[in-house]
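In our numbering, the protein residues as written are 2 to 674. Cβ coordinates follow ideal geometry from the N, Cα and C atoms, glycine included.
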Ligand code: GLA
């Protein structure tokens, strides 16, 4: 990530960005003229063009047809609408797979996947790489310097996985670089187990479908490799663009908490972090889940503004039953992203398709046309963003960090573990929700982040941890920080080997805890706060003894009755030492809320609403710069106290007392007077 280029490159002349994917190749050119007029009326200032246009630009191998794209860019340029120009390499034309079937991906059973959809390429295919880079080169040469070109969009939603022989060869090369020789690999993979010893590199394949459980380290390395192989391809495209247009920022669109791509590794390779995000309308946790993902995007950009590249105005078409969004909902979701650091709010897609696999997907201009309830909302939203222009570039300050790691996620969710009900992203969300409910802002960080400056660091699960990262967490708490660690953490090293001894081995001292057994629970687990109320936990328990820590909650029934369920430890001897919490079960939400409140009190952190009181249920409170955003995700009107006289940037209205928010309402309060 370069600091020179970023969202500011786009927003400094345009303010907040508003727009969407624009696929004019699906429409006759007279519709383009109408599109431009409608875009201008809606305040659209950014469109993503060309994402799936490879076959249109290169109808047969080596041919080029840029005429239509010239006209699209010229049209946008004349209208003052910036173009986020995509490299079209996410969907190769049928001729590529037809003539070079080795470019098509192979699944873990050895079946080739065919064209007729999209994403049908092998990330390690030499032919795919050559053909992709050739069209990217010509695209960059043609549009470098075009006044409409504002941003490059490399590929689309990277995540392809391929088990073909060419991928296996690339995997072997990657492994040779990692381990040097076969002894190193055999040691790391623990191949003395089940007679898996490799005597020749050629014997090593991708983790293809096998009769029973696959070697967990092989699987872990495979996931590392798949992310790296895609990243290598992304980089190759990016470098071509960078060389030809050094002043144009480059992005590729993430998909939230998406397992195949180690977003920490990727984000450092782009100028702008962008995300595609489709909250499920029927999911009661959607507002918190969205907030978490938005915070991740901000974290990936190390606090810098990010771009919401795609969202939907109403129902998508790829869920089994696609609930629509009620009026006001997409605006609420858009403003939520803005409040959490997005400087651009874009949609998939501008005009609803008449044909193709996504003809029932929502758009900014629906099939029924522009004279519709939905498009009127789009237009009003685009226009209101102008009133929020001063928010662009503002940071979202957070004193709480939450650690999340892809390698740990991959390693945790391997088959053959004590319980497959322990899921990394569920744990992350479980610990995030009580912070979100209290209006406490959180930065998502990788395990090797600099934790200085955070008052509270929450580690919902870090199953895999390196010695160095464990030592950094230890130092953090000893140096005065408040650390909360969730269950089944510190279990394996980066090779996915169990850390033997009492657990959580590398964090045992800082946590003052000493565990012997992981005990998945058959049913609900009763627990009790020390000297206080009972609460329920579920799914998971551990046999842990206090080794310096104070048991703040214990199990209240079953074989573990009287044993610690939650431990709190003064981490270190000096007056400046911090506090470390260990949670040896999965408390239900209310109890996790209580635990969070206590840890926040330890850390001296309060929420965005005055007095640190949690806002009413369903209301999200988050501060961006000096603007306090209040968003009502609940079904009831809510009244929220505010810190003092303020002006709502959305309406211009001055206010000095509690604010009443009907369902789906948003206020953006700038202190005044
Ligand atoms: C993703 C893709 C788009 C489109 C939408 C549909 O965001 O990038 O091309 O398929 O999903 O929701």
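Looking only at 18, 8, 11 and 12, the smallest Cα-Cα distance to residue 383 is reached by 18. For residue 166, the shortest separation between its Cβ and any heavy atom of the ligand GLA does not lie below 6 Å. Relative to the ligand GLA, even the nearest heavy atom lies 6 Å or more away from the CB of residue 633.
The stretch 162-172 makes contact with the stretch 115-127; the number of CB pairs closer than 8 Å reaches 3 or more.
Taken through DSSP and simplified to helix, strand or coil, residue 17 comes out as coil. In this structure, residue 317 has its beta carbon less than 6 Å from a heavy atom of the ligand GLA. Between residue 491 and residue 609, the C-beta spacing is not below 7 Å. For residue 538, the uninterrupted beta strand (DSSP E) segment begins and ends at 535-547. The DSSP assignment places complete alpha helix (DSSP H) segments of no fewer than 4 residues inside the stretch 2-66 at 8-15, 30-43 and 55-58, in order along the chain.
Under the DSSP assignment, residue 278 falls outside any beta strand (DSSP E); it carries neither an H nor an E label.
Excluding sequence positions up to five before and after residue 511, its CB lies within less than 6 Å of the CB of 475, 478, 572 and 581, all in the same chain and listed in chain order. With a cut-off of 6 Å, the C-beta of residue 349 is classified as near the ligand GLA, since at least one heavy atom of the ligand falls inside that distance.
When the five nearest sequence neighbours on each side are left out, the beta carbons in the same chain lying within less than 6 Å of the beta carbon of residue 553 are those of 531, 567 and 569, in order along the chain. By the neighbour-count definition (other C-beta atoms within 10 Å, threshold 16), residue 214 is an exposed residue. With a threshold of 6 Å, the Cβ atom of residue 334 does not count as near the ligand GLA, since no heavy atom of the ligand is closer than that.
Here residue 632 is near residue 337, since their CB atoms are less than 7 Å apart. Using a cutoff of 6 Å, the CB of residue 424 does not count as near the ligand GLA, since none of the ligand's heavy atoms is closer than that.
By the Cβ neighbour-count rule, residue 643 is buried, with 16 or more other Cβ atoms within 10 Å of its own. Straight-line spacing of the CA atoms in residue 377 and residue 371 works out to 7 Å.
Beta-bridge partners of residue 514 (DSSP): 547. Runs of the beta strand (DSSP E) lying entirely within the stretch 65-111, each at least 3 residues long, are 83-87 in chain order. Shown here, residue 673 sits in coil according to DSSP, grouped into three states, outside any helix or strand. Sequence-distant Cβ neighbours of residue 493 in its own chain, meaning closer than 7 Å and more than five residues away, are 412, 464, 465, 499 and 500.
Inter-segment contact for the stretch 198-207 and the stretch 248-262 is absent: fewer than three beta-carbon pairs are separated by less than 8 Å. Closer than 6 Å to some heavy atom of the ligand GLA: that does not describe the Cβ of residue 120. Distance from the Cα of residue 137 is smallest, within the candidate group 55, 589, 628 and 651, for 55.
Below 8 Å, enough C-beta pairs join the stretch 348-367 and the stretch 16-36 to call them touching: three or more. Remark: C-beta atoms of residue 308 and residue 275 approach each other more closely than 7 Å. Put simply, of 607, 73 and 668 the residue whose alpha carbon is nearest the alpha carbon of residue 35 is 73. It is roughly 12 Å from the alpha-carbon of residue 58 to the alpha-carbon of residue 143. Counting other Cβ atoms within 10 Å of its Cβ, residue 111 stays below 16 and is therefore classed as exposed. In summary, residue 355 is exposed, with fewer than 16 beta-carbon neighbours lying within 10 Å of its beta-carbon over all protein chains present. Per the DSSP secondary-structure output, residue 579 pairs in a beta bridge with 572. Annotation for residue 158 indicates a beta carbon within 6 Å of some heavy atom of the ligand GLA. Taking 6 Å as the cut-off, the C-beta of residue 372 does not count as close to any heavy atom of the ligand GLA.
A distance criterion of 6 Å places the beta-carbon of residue 277 in contact range of the ligand GLA, judged by its closest non-hydrogen atom.
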